[in-house]
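Accompanying notes for the structure given below.
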Amino acid sequence: MIVAGCDIGSLTAKAVIMENGEMLSHAVIRAKTRPAESAALVMQMALEKAGFAQKDIGYVVGTGYGREQIPFVNQVESEISCHAKAAKQLMPSVRMVIDIGGQDAKATRMDDQGNVARYIYNDKCASGTGRFLEVMAEALEVRLEDLGTLAAKSTEKLSISNQCVIFAETEVVSLVNEGKEIPDILNALHHSLAKRVASLARSIEVSEDVVMTGGVAKNTGVFQALSEALNVPLKALNGVDPQIMGALGAALYAMEKSNGKK
Amino acid sequence: MTIVAGCDVGSLTSKAVIFQNNRIIGSSIIKSKPRPGDSAEAAFAEALAAAGVAAEQVEYCIGTGYGREKIAFVNEVVSEITCHGKGARWMLPTAETVIDIGGQDCKTMKIDKNGNVGKFAANDKCASGTGRFLEVMAKVLNIGIHELGGLSQKARNPVTLASTCTVWAQADIIKFINSGVPLEDIGAGINAAMAARVAILVNAVKPEGDIFMTGGVAKNIGVVELWKNSSANASSGPGKPIPKSPGRWGPR
Numbered sequence: 055m056i057v058a059g060c061d062i063g064s065l066t067a068k069a070v071i072m073e074n075g076e077m078l079s080h081a082v083i084r085a086k087t088r089p090a091e092s093a094a095l096v097m098q099m100a101l102e103k104a105g106f107a108q109k110d111i112g113y114v115v116g117t118g119y120g121r122e123q124i125p126f127v128n129q130v131e132s133e134i135s136c137h138a139k140a141a142k143q144l145m146p147s148v149r150m151v152i153d154i155g156g157q158d159a160k161a162t163r164m165d166d167q168g169n170v171a172r173y174i175y176n177d178k179c180a181s182g183t184g185r186f187l188e189v190m191a192e193a194l195e196v197r198l199e200d201l202g203t204l205a206a207k208s209t210e211k212l213s214i215s216n217q218c219v220i221f222a223e224t225e226v227v228s229l230v231n232e233g234k235e236i237p238d239i240l241n242a243l244h245h246s247l248a249k250r251v252a253s254l255a256r257s258i259e260v261s262e263d264v265v266m267t268g269g270v271a272k273n274t275g276v277f278q279a280l281s282e283a284l285n286v287p288l289k290a291l292n293g294v295d296p297q298i299m300g301a302l303g304a305a306l307y308a309m310e311k312s313n314g315k316k
Numbered sequence: 322m323t324i325v326a327g328c329d330v331g332s333l334t335s336k337a338v339i340f341q342n343n344r345i346i347g348s349s350i351i352k353s354k355p356r357p358g359d360s361a362e363a364a365f366a367e368a369l370a371a372a373g374v375a376a377e378q379v380e381y382c383i384g385t386g387y388g389r390e391k392i393a394f395v396n397e398v399v400s401e402i403t404c405h406g407k408g409a410r411w412m413l414p415t416a417e418t419v420i421d422i423g424g425q426d427c428k429t430m431k432i433d434k435n436g437n438v439g440k441f442a443a444n445d446k447c448a449s450g451t452g453r454f455l456e457v458m459a460k461v462l463n464i465g466i467h468e469l470g471g472l473s474q475k476a477r478n479p480v481t482l483a484s485t486c487t488v489w490a491q492a493d494i495i496k497f498i499n500s501g502v503p504l505e506d507i508g509a510g511i512n513a514a515m516a517a518r519v520a521i522l523v524n525a526v527k528p529e530g531d532i533f534m535t536g537g538v539a540k541n542i543g544v545v546e547l548w549k550n551s552s553a554n555a556s557s558g559p560g561k562p563i564p565k566s567p568g569r570w571g572p573r
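Going line by line, the protein sequences match chains A and B. Heads up: the first sequence runs through residues 55 to 316, numbered per the working numbering. Heads up: the second sequence runs through residues 322 to 573, numbered per the working numbering.
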């Protein structure tokens, strides 16, 4: 049976199509105003890549902040469960998942069997979320996807003392005015974000192996900085796009359901 | 009689007061310059001109505010908390609690009969509940920050902001604007969010007696009114006993 997972986030929507435990295709789009619209579009894209149509799908699981608004799903699961599910599937030794999304950050610790034991999230404060980087990228007039590569060119160690996005933005502007280099400022911002997320993770006790999921995990600068802040080397996801982990987890739930049905 | 002065170099504005015979004889408020030293010089010069006295006539000057260490001409520096406590008590002798909302922070304190500060609480970590929050919101509404107070008083159905964070609240406001909510109702929601956030800091010092509000945000009548409604004994900068005199005392 062909199954799908659909993850509607605040900034992006993701879909994964699976058959017999194999991932056939995936798609990521910028979220539309309405979650239902994002869901329809991203599913259509993923289906096209796999060469199927909506009617061929046997079971769909939805997740993400817009999951309740997806019209075509058979079931919904929390992002926490989906990210943990996908991480465990890709790496059975995983004991902690740190997911930094566009508008929140979550840390999930697993037990010895790899099942969710504790989790904590921040969606109250923009600091420590993808939004922090978005605001800074805009202030520095660089593209979000270039942050990691640019920061890698850093030669001078700077530090950002403010956690608050609003205050940190002012600090960044002053650093630019002082003539500091963009890569150095970005590097400092990555460490600031990592510090914030690391304290969130530490509050539920860090347990190895640790993986990072969500769109921000694509930023190699944050990946590196978070390893340093946690003092634990983060494990790479073996070529799977960290941004689609929620959708992948949802598809895995769908697969379990379809297997159970047979 | 001895002439003394106070100079407060803040993050957004710098203020100076010239004082003689227990009376303000000149004062100034200017927008802060990139260098705190320059802000201090300019604010001081303006206050001196207003008082009609020369710098040499000032016998003692105390500096305060975030840039206080960079003021060349002061004899002594004192923290803002101490200065606001002292100033509030001088303006309103019955004041026992002071709320100072500045451009980038918010402080609350209890004061004794001499204006000495007892318990205090401060937030300078998060933009929410500071003047910066209002500044960001006014920008989104495309109005001047001084218009927020009057605007919110015309509200009929104030909106409720779901988020405390300035960044998220900004997104909320944009949604309200796009869905055609009247600006007055949005303005009132902004002031209510501001007051609610500050209330946490006020309650942290267990407020008693008359509450006196200082700092630039005290000029926003919307925030002050909300405060008066939620606290019977709240007095405020621009309220009854306070003349429109800027500077270290009362609203900047």
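By construction, the Cβ of each residue, glycine as well, lies at the ideal position given by its N, Cα and C atoms.
| query | result |
| --- | --- |
| Same chain, Cβ closer than 6 Å to residue 368 of chain B, five either side skipped, listed in chain order | 337, 339, 347, 348, 349 |
| Buried/exposed call for residue 353 of chain B, threshold 16 Cβ in 10 Å | buried |
| Rounded separation between residue 104 of chain A and residue 296 of chain A - CA only | 20 Å |
| According to DSSP, residues forming a beta bridge with residue 264 of chain A | A/150 |
| Under the three-state DSSP convention, the category residue 145 of chain A falls into | coil |
| Cut-off 7 Å between Cβ atoms - residues of its own chain near residue 205 of chain A, not counting five sequence neighbours on either side | 237, 240, 241, 244, 275 |
| Chain B residues whose Cβ lies nearer than 7 Å to that of residue 84 of chain A | Going along chain B, no residue has its Cβ under 7 Å from residue 84 of chain A, so there is no contact; the nearest lies around 16 Å. |
| Whether residue 171 of chain A touches residue 254 of chain A by CB criterion (9 Å) | no |
| Touching by the beta-carbon criterion (3+ pairs, under 8 Å), the region 89 to 109 of chain A and the region 221 to 232 of chain A | no |
| Integer Cβ distance of residue 304 of chain A from residue 136 of chain A, believed to fall under 8 Å | 5 Å |
| CA-to-CA distance, residue 73 of chain A to residue 306 of chain A, given in whole angstroms | 10 Å |
| Backbone CA spacing between residue 374 of chain B and residue 248 of chain A [nearest angstrom] | 54 Å |
| Cutoff 6 Å; reference residue 210 of chain A; Cβ partners in own chain excluding five residues on either side | 238 |
| Three-state secondary structure (DSSP) of residue 564 of chain B | Its pLDDT being 29, under 50, residue 564 of chain B is placed unreliably by the model, and nothing is read from it. |
| Reduced DSSP category for residue 177 of chain A - H, G, I as helix; E, B as strand; rest coil | coil |
| Residue span of the beta strand (DSSP E) that contains residue 337 of chain B, given as start and end | 334 to 341 |
| Contact under 9 Å by Cβ, residue 329 of chain B with residue 413 of chain B | no |
| Chain A contact for residue 484 of chain B (CB, 9 Å cutoff) | yes |
| Cβ neighbour criterion (16 or more within 10 Å) applied to residue 456 of chain B | buried |
| Close-in-space but distant-in-sequence residues of the same chain around residue 189 of chain A (CB under 7 Å, 5 per side omitted) | 219, 223 |
| Whether residue 193 of chain A touches residue 174 of chain A by CB criterion (9 Å) | no |
| Whether residue 112 of chain A touches residue 93 of chain A by CB criterion (9 Å) | no |
| Alpha-carbon to alpha-carbon, residue 363 of chain B and residue 258 of chain A | 52 Å |
| Under the three-state DSSP convention, the category residue 487 of chain B falls into | helix |
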